[in-house]
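K.L.:
Number of protein chains: 2
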Amino acid sequence: MSGRIRNRQWAAKVVEAEEAAGLIGPGENVGMSGFTGAGYPKEVPGALAKRVAVAHEHGEPMKVGLWTGASTAPELDGALAEVEGIDLRLPYQSDPVSRAKINEGRLDYTDIHLSHVAQRVWQGIYGDLDVAVVEVSGITEDGRLIPSSSVGNNKTWLEQADRVIVEVNSWQSEHLEGMHDVYYGTALPPHRRPIPITHPADRIGVPHLDCPLEKVIAVVETESPDRNGAFTPPDAISEQIAGHVLDFLELEVAAGRLPRELLPIQSGVGNVANAVLAGLENGPFHGLTAYTEVIQDGMLQLIESGRMEMASATAFSLSPTAVERFNRDAAAFRDKIVLRPQEISNHPEVVRRLGCLAMNGIVEADLYGNINSTHLMGSRIQNGIGGSGDFARNAYVSIFVTPSQAKGGDVSTIVPMVSHVDHTEHDVDVIVTEQGLADLRGLSPKQRAERVIEHCAHPDFRPALRDYFERSQRSAFGLHTPHLLDESLSWHQRYVRTGSMR
Amino acid sequence: MSGRIRNRQWAAKVVEAEEAAGLIGPGENVGMSGFTGAGYPKEVPGALAKRVAVAHEHGEPMKVGLWTGASTAPELDGALAEVEGIDLRLPYQSDPVSRAKINEGRLDYTDIHLSHVAQRVWQGIYGDLDVAVVEVSGITEDGRLIPSSSVGNNKTWLEQADRVIVEVNSWQSEHLEGMHDVYYGTALPPHRRPIPITHPADRIGVPHLDCPLEKVIAVVETESPDRNGAFTPPDAISEQIAGHVLDFLELEVAAGRLPRELLPIQSGVGNVANAVLAGLENGPFHGLTAYTEVIQDGMLQLIESGRMEMASATAFSLSPTAVERFNRDAAAFRDKIVLRPQEISNHPEVVRRLGCLAMNGIVEADLYGNINSTHLMGSRIQNGIGGSGDFARNAYVSIFVTPSQAKGGDVSTIVPMVSHVDHTEHDVDVIVTEQGLADLRGLSPKQRAERVIEHCAHPDFRPALRDYFERSQRSAFGLHTPHLLDESLSWHQRYVRTGSMR
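These protein sequences, in sequence, are chains A and B.
Note that the first sequence covers residues 1423 to 1924 in this note's numbering.
Note that the second sequence covers residues 1423 to 1924 in this note's numbering.
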């Protein structure tokens, strides 16, 4: 019995990863932990992938339905996709191998709002959940599970699965205990009650996950780091974007449309998001809060510096140095961070009530304010919508950020018509590039187009966008949202044909 | 002092409509009552339109910003659009004259989620609200306003406007008093609290609207019917669509995914919606409820027959004969109907909590489950998104209905790629045409395409859709959502060129 498994009955179930993986059958649906590279099981997926490879070598079909919180890591998504061991993947992925398989048409992927997953699984939409494979950071004396660096859908997996495999990862900080808030009050309609959160700090649940011992078919001990990348300092483009966002927030406060301490921040993951968080460090704002999916380095820093009072999320996504700082000062962070199940961290009800300021990255935006977050050239999946829809639709202000160009200037991220829509014109308030910021609130489509072209597009692409917009206003089928349908996707066609939109 | 104005101070403010309209200045923003042709002011808008026409004859510019609940009627939208008296129109319209002006590029229109309007106006996004023009059905002894046949945004207009004009319409039933539930508990973040509704019947507010007398600049007495069209019995196509929807609901109950009394129904307006409601009359379901925007004839009938126990909405939209029945049996309807402000009838928090079954009509759907609710051929606005986004995104099951063809068979409503997106692939559960029903829940894009083609498309268009889908899978840029960008909008292009997609 290791120090992390403080209950004898649970300790008695410890086996090797290979044995545990052997308990998962072909065709089964498997719900695994993991959100943004944090808290995913480290060993069972790899052992399962080996089993799949062996089965395939013997000509035996073997695939599983793979459900997670969100993205995981090469040891999970990558390993299972590599051996073609996944039948249907949901609700989000960002793995290069998975992505390639999906785009080759060899792996079915259903890309859904992260807040929808739990209710859909309860509803039985994806079939039965056969096995849960959940990483925890420990097991208490009375047999409750101490969650790991992400909560994700773990509560749902443990409740819904017929059989449960638990990985206890002693690499995870012991200081995580007490930081989680697992709410057991959700239900299917007509039995739903208000989610009683009115501030990001509110704790409405319990710090542990419950799982009946009789469902547990294996416990595996691991000691492996999360997929923690090194922190990249913001580049010039990201800093310019962040600067525009910060100017906008200051103007909103000055206009009386936002309180001085802002409203709870939701921030997507990535360079630009980190740059905005870094900018907040030096800006005029104090008493900040976050109600978001993921706590990145930038947010940890805001807490350390005292700028941010409270951050609610469902997962960490920290660099190795930030993890070190977290472990060193865990006590100081304990009352400033709450990790919740993703059905709560992303819940439309709470996002709307708190009035989140949602900031998310995109693939491309069009003249009229439609956003593509997921597809390259209309067909090729990048990652998925993740939580951006949960937040953008219900946010107080929904902000979308992107450099104005991609692929070394061959791609304009501002196009006549997006090749796929993830956030409609009705849900997009503000678009920001390094060129500037377009506040689209309250504008008609044509008014939006002018702002998007002049404030957001790269100067190289502005003349062509203006030309398209002007000609559209002369000969479109209607002048509410003027488009020339034989040209609207021509920039993408040109890219597919020549490798450049230019 | 007429019988409808039971307070002397309010009665002392009665003037003619022309005088009241004279109190509205050029360039002002005017918030008018009205939702789906119910409860809009009947006389001041026409008088205002006459003023605008005279001003324009004298070469004086005169336009107002026109904000409403949703659609109104020829006497309001039509009259003001006809004289080009509208600057910016929001949040929804369905008037032929307005629509023509918008599509000619002569009228700016911003088409927004109906649940977003109140918070946006409070936020100040559209500028100051100068004048409210609100129809009521009476004024109480103590000077409170008895709402009319719609509530819409009236609470917000009365709170936010600097000056208020009230129309008291004695045509409206006196029995409306007591039927409304005006919730004064909403706020801007960070001051929001849970909306305490857990059942469509819950009353959480007060039956009257408040308005400080000192803001009231005019009271106008009218006696005019709402825009109540005659009820058209369902046609064969609508009945077939309704049949598929009812079969689906029965299967969901049988599978244990819906309770026997279903969940609160939200139903868009129109023939197909009415056919579904008519179908429920003879189906196996009892104890039904509705949490919706509008109470149409079909819903009134369900209440009369005892099938429906409770309907919550923000407006009526009844035929003249249904209005008669309503007035005759008003007492019987009083405890079965609640009319709420649209910020509550469409509130994402409540829609999600109650688990609404959302049924909305569309313009077109594509292979991958994206929905266009608003635009013809990508550019020409039809009406607007209305509340369909408020409900579809947060619903328990979001169902979209349409005949498989339009324009006498020249248009397929199932197309390779929609020309505008109002509901993304992530928000669309079920698509229904007279051909059949495609349950898209849990499917990958390519799996969805197969169902949409085989279950929903008209047989005349199926071969071309299959051909597009097959060729896309051979040569698209990615095989997650295979598209051929040079063909994806070609059906719309053909229609614009030749008047037919065939």
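Glycine included, C-beta positions come from ideal geometry on N, C-alpha and C.
Computed from a predicted model, the values in this text were never measured in an experiment.
Which two residues bound the contiguous beta strand (DSSP E) that contains residue 1454 (chain A)?
P.N.:
As a working mapping, residue 1454 (chain A) is identified with position 32 in the first sequence. Note, residue 1454 (chain A): beta strand (DSSP E), 1451-1454.
K.L.:
Excluding the 5 residues flanking residue 1428 (chain A) on each side, which residues of the same chain have their C-beta closer than 8 Å to its C-beta?
P.N.:
In the first sequence, residue 1428 (chain A) corresponds to position 6, counting from 1. For residue 1428 (chain A), where only same-chain residues beyond five positions count, the Cβ hits under 8 Å are 1560, 1561, 1562, 1563.
K.L.:
Using only alpha-carbon positions, find the residue among B:1830, B:1853, B:1806, B:1889 that is nearest to residue 1493 (chain B).
P.N.:
Position 71 of the second sequence, counted from the start, is the residue given in the question as residue 1493 (chain B). When only C-alpha atoms are compared, the closest one is B:1806.
K.L.:
Between residue 1486 (chain A) and chain B, is any beta-carbon pair separated by less than 7 Å?
P.N.:
By one-based count along the first sequence, residue 1486 (chain A) stands at place 64. So no, residue 1486 (chain A) is outside the interface.
K.L.:
Helix, strand or coil: which one does DSSP assign to residue 1798 (chain A)?
P.N.:
Here residue 1798 (chain A) refers to the residue found at position 376 when the first sequence is read from its first residue. The answer is strand: DSSP assigns residue 1798 (chain A) an E or B state.
K.L.:
Can you list the alpha helix (DSSP H) stretches of 4 or more residues lying completely in the stretch 1547-1629 of chain B, in chain order?
P.N.:
Runs of the alpha helix (DSSP H) inside the stretch 1547-1629 of chain B: 1576-1582.
K.L.:
Strictly under 7 Å for the Cβ-Cβ distance: is residue 1815 (chain A) near chain E by that measure?
P.N.:
The structure shown contains no chain E; the protein chains it does contain are A and B.
K.L.:
Does residue 1921 (chain A) pass the burial test, meaning 16 or more other C-beta atoms within 10 Å, or should it be called exposed?
P.N.:
Looking up residue 1921 (chain A) in the first sequence gives position 499. That one is exposed.
K.L.:
Could you check the C-alpha separation between residue 1679 (chain A) and residue 1913 (chain A) for me, to the nearest Å?
P.N.:
For the purposes of this step, residue 1679 (chain A) is taken as the residue at position 257 of the first sequence. For the purposes of this step, residue 1913 (chain A) is taken as the residue at position 491 of the first sequence. Taking the straight line from one Cα to the other gives about 38 Å.
K.L.:
Measuring alpha carbon to alpha carbon, tell me which of B:1636, B:1652, B:1706, B:1653 ends up nearest residue 1670 (chain B).
P.N.:
Residue 1670 (chain B) sits at position 248 when you count from the first residue of the second sequence. Cα-wise, what sits closest to residue 1670 (chain B) is B:1706.
K.L.:
For the structure I just gave you, are there three or more beta carbon pairs, one from the stretch 1822-1831 of chain A and one from the stretch 1507-1522 of chain A, closer than 8 Å?
P.N.:
At 8 Å Cβ cutoff, the stretches do not touch.
K.L.:
Could you tell me whether the Cβ of residue 1766 (chain B) comes closer than 7 Å to any Cβ of chain A?
P.N.:
On the second sequence, residue 1766 (chain B) is found 344 positions in, with the first residue counted as 1. It does not; no Cβ of chain A falls within 7 Å.
K.L.:
In terms of alpha-carbon separation, which member of B:1626, B:1608, B:1585 lies closest to residue 1602 (chain B)?
P.N.:
Position 180 of the second sequence holds residue 1602 (chain B). Of B:1626, B:1608, B:1585, the residue nearest in Cα terms is B:1626.
K.L.:
Taking the DSSP output, what are the residues bridged to residue 1530 (chain B)?
P.N.:
Here residue 1530 (chain B) corresponds to residue number 108 of the second sequence, with the count starting at 1. B:1510.
K.L.:
Taking 7 Å as the CB-CB limit, is residue 1888 (chain A) close to chain B?
P.N.:
Mapped onto the first sequence, residue 1888 (chain A) falls at position 466. Closer than 7 Å: no.
K.L.:
Mind listing the chain A neighbours of residue 1533 (chain B)? Cutoff is C-beta to C-beta under 9 Å, in chain order.
P.N.:
What you label residue 1533 (chain B) is simply residue 111 of the second sequence in a count that begins at 1. Ordered by position in chain A, the residues that pass the 9 Å Cβ test against residue 1533 (chain B) are 1847, 1848, 1866, 1867, 1902.
K.L.:
For residue 1875 (chain A), which residues from the same chain have a beta carbon less than 8 Å from its beta carbon, with the 5 sequence-adjacent residues on both sides left out?
P.N.:
On the first sequence, position 453 is the one that residue 1875 (chain A) refers to. Answer for residue 1875 (chain A): 1789, 1836, 1884, 1887, 1888, 1891, listed in chain order.
K.L.:
Touching or not, the stretch 1456-1476 of chain A and the stretch 1599-1613 of chain A, by the rule of three or more beta carbon pairs under 8 Å?
P.N.:
No contact exists between the stretch 1456-1476 of chain A and the stretch 1599-1613 of chain A.
K.L.:
Mind listing which residues of the stretch 1600-1624 of chain A have their C-beta closer than 8 Å to chain B's C-betas, in chain order?
P.N.:
Per Cβ criterion, the list reads 1610, 1611, 1612, 1614, 1615, 1616, 1617, 1618, 1620, 1621.
K.L.:
So for residue 1922 (chain B), helix, strand or coil by DSSP?
P.N.:
Walking along the second sequence from the start, residue 1922 (chain B) turns up at place 500. The answer is coil: DSSP assigns residue 1922 (chain B) none of H, G, I, E or B.
K.L.:
Could you name the residues of the same chain whose beta carbon sits closer than 7 Å to that of residue 1466 (chain A), not counting the 5 residues immediately before and after it, in chain order?
P.N.:
Taking the first residue of the first sequence as 1, we reach residue 1466 (chain A) at position 44. Cβ neighbours of residue 1466 (chain A) beyond the five flanking positions: 1439, 1442, 1443, 1555, 1587, 1589, 1642.
K.L.:
I need the DSSP call for residue 1843 (chain B), collapsed to helix, strand or coil.
P.N.:
Taking the second sequence and counting its residues from 1, one reaches residue 1843 (chain B) at position 421. Coil at residue 1843 (chain B), not helix or strand.
K.L.:
Return helix, strand or coil for residue 1784 (chain A), following the three-state DSSP convention.
P.N.:
Locating residue 1784 (chain A) in the first sequence gives position 362, counting from the first residue. It is coil, neither helix nor strand.
K.L.:
So, at 6 Å on beta carbons, what are the nonlocal neighbours of residue 1618 (chain B) in its own chain, with the 5 sequence-adjacent residues on each side left out?
P.N.:
Sequence index remark: in the second sequence, residue 1618 (chain B) carries index 196 (1-based). Hits under 6 Å: 1626.
K.L.:
Chain B partners of residue 1707 (chain A), CB-CB under 8 Å?
P.N.:
Numbered from its first residue, the first sequence carries residue 1707 (chain A) at position 285. Correct list: empty, because the minimum Cβ distance to chain B is about 14 Å.
K.L.:
Could you tell me which of B:1730, B:1751, B:1799, B:1663 sits nearest to residue 1682 (chain B), measuring between CA atoms?
P.N.:
Position 260 of the second sequence, counted from the start, is the residue given in the question as residue 1682 (chain B). Of the listed residues, the one whose Cα sits closest to residue 1682 (chain B) is B:1730.
K.L.:
Output yes or no for whether 7 Å exceeds the beta carbon distance between residue 1646 (chain A) and residue 1557 (chain A).
P.N.:
As a first step, residue 1646 (chain A) is located in the first sequence; it is residue number 224 there, counting from the start. As a first step, residue 1557 (chain A) is located in the first sequence; it is residue number 135 there, counting from the start. Not a contact, by the Cβ cut-off of 7 Å.
K.L.:
Please tell me whether residue 1584 (chain A) has its Cβ less than 7 Å away from any Cβ of chain B.
P.N.:
Here residue 1584 (chain A) is taken as the residue at index 162 of the first sequence, counted from 1. No, no contact with chain B.
K.L.:
DSSP on residue 1793 (chain A), reduced to helix/strand/coil?
P.N.:
In the first sequence, counting from the first residue as 1, residue 1793 (chain A) sits at position 371. Three-state DSSP puts residue 1793 (chain A) in a strand.
K.L.:
Mind listing the chain B neighbours of residue 1545 (chain A)? Cutoff is C-beta to C-beta under 7 Å, in chain order.
P.N.:
Against the first sequence, residue 1545 (chain A) aligns to sequence position 123. Going along chain B in sequence order, the residues near residue 1545 (chain A) (Cβ under 7 Å) are 1679.
K.L.:
Any idea which residues DSSP pairs residue 1733 (chain A) with across the strands?
P.N.:
Your numbering for residue 1733 (chain A) matches position 311 in the first sequence. According to DSSP, residue 1733 (chain A) bridges with A:1712, A:1759.
K.L.:
Please report the distance separating the alpha-carbon of residue 1738 (chain B) from that of residue 1572 (chain B).
P.N.:
As a first step, residue 1738 (chain B) must be located in the second sequence, where it is residue number 316. As a first step, residue 1572 (chain B) must be located in the second sequence, where it is residue number 150. Their Cα atoms are separated by approximately 6 Å.
K.L.:
How big is the Cα-Cα spacing for residue 1869 (chain A) and residue 1524 (chain B)?
P.N.:
As a first step, residue 1869 (chain A) must be located in the first sequence, where it is residue number 447. As a first step, residue 1524 (chain B) must be located in the second sequence, where it is residue number 102. Approximately 13 Å between the Cα atoms of the pair.
K.L.:
So that I know if they touch, is there some Cβ in chain A lying closer than 7 Å to that of residue 1859 (chain B)?
P.N.:
Residue 1859 (chain B) sits at position 437 when you count from the first residue of the second sequence. No, its Cβ sits nowhere closer than 7 Å to a Cβ of chain A.
K.L.:
Is the shortest distance between the beta-carbon of residue 1491 (chain B) and the beta-carbons of chain A less than 7 Å?
P.N.:
Start at 1 with the first residue of the second sequence, and residue 1491 (chain B) comes out as number 69. Not closer than 7 Å to any Cβ of chain A, the Cβ of residue 1491 (chain B) fails to qualify, so no.
K.L.:
Suppose contacts are defined by Cβ-Cβ distances below 7 Å. Is residue 1537 (chain B) in contact with residue 1715 (chain B) by that definition?
P.N.:
Here residue 1537 (chain B) refers to the residue found at position 115 when the second sequence is read from its first residue. Here residue 1715 (chain B) refers to the residue found at position 293 when the second sequence is read from its first residue. No, these two residues do not count as a Cβ contact at 7 Å.
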